[in-house]
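**Q** Take 1198 as the starting number for the sequence shown in my numbering and just add one per residue.
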Amino acid sequence: MTKKEAIDIVKKLIEAYPDATCSLDFDTPFQMLVAVCLSAQCTDKRVNKTTPCLFAKFSTPKDFANANLEKIEELIHPCGFYKNKAKNLKSAGKKIMESFNGEVPKTMEELITIPGVGRKSANVIMLEAFNNPQGIAVDTHCKRIANRLGFSSEKEPEKIEKDLCELIPKEYWKDVNHILIWHGRNICSSQRPKCNKCPLNKNCKSYIA
């Protein structure tokens, strides 16, 4: 795929989803970090139902660092994998307090040193909390659509991200982080994609008539 073809596809998706934004609710960079960590293998809708009660009890790195682990587990139980997520969130609070003076760091390199924060999560935090996209977060929707459209033939998220960032100019990264997720949820689903309704069916190598 050429850069021009990639940009044409991105423009069509921007037109199709003009209101595409992050669907996680948050008020602070740390709340964004918590929400994106909870969203692993969980829907954003479920996370948004869980975080109000969680943030009413614990909302800052210091709160989580000092929190009772079992209480965190209890509050985030609906999001699944609650024991591992609770452990990471408590450790994240400690790391931010000890290494970053209680403030969520603003670089990818620093973010990925925080327990529970991988590259995908760091990309989301950089974009949503700091409005400074450093790449493209490759979740299951992004991976599926990148492969189907021919943006990338890779299977590993970091390799897919590399291909996407080489094809798509940085000025579009903010939009791409949102529109691929929205397209995956609305049209290009895993099992039964609505190819007949897709604005990209003439561009897609996986189009099913």
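Just so it is clear, CB atoms sit at the ideal spot from N, CA and C, and this is done for glycine as well.
Please classify Y1279: does DSSP put it in a helix, a strand, or coil?
**A** It is helical.
**Q** Output the distance between the C-alpha atoms of I1269 and G1315, rounded to the nearest integer angstrom.
**A** If I take the Cα positions, the gap works out to 21 angstroms.
**Q** I'd like to know if the stretch 1371–1384 and the stretch 1332–1342 are in contact, where contact means that at least 3 CB-CB pairs between them fall below 8 angstroms.
**A** Yes, they touch.
**Q** Considering only residues of the stretch 1232–1296, which uninterrupted alpha helix (DSSP H) runs meet the minimum length of 4 residues and lie entirely inside it, listed in chain order?
**A** DSSP runs (the alpha helix (DSSP H)) wholly in the stretch 1232–1296: 1241–1254, 1258–1263, 1266–1273 and 1279–1296.
**Q** Under 9 angstroms between the Cβ atoms of F1227 and S1256?
**A** Contact flag set, yes.
**Q** Hey, quick one: how far does the alpha helix (DSSP H) through A1203 stretch, first residue to last?
**A** Taken as a continuous stretch (DSSP letters only), the alpha helix (DSSP H) holding A1203 covers K1200 to A1213.
**Q** Got a sec? Which residues, its chain only, sit under 7 angstroms from P1302 by beta carbon, not counting five neighbours each side?
**A** The residues are L1308.
**Q** Could you please give the first and the last residue of the uninterrupted alpha helix (DSSP H) stretch that includes N1320?
**A** Taken as a continuous stretch (DSSP letters only), the alpha helix (DSSP H) holding N1320 covers R1316 to E1325.
**Q** Once DSSP output is grouped into helix, strand and coil, what is the label at T1304?
**A** Coil, per DSSP.
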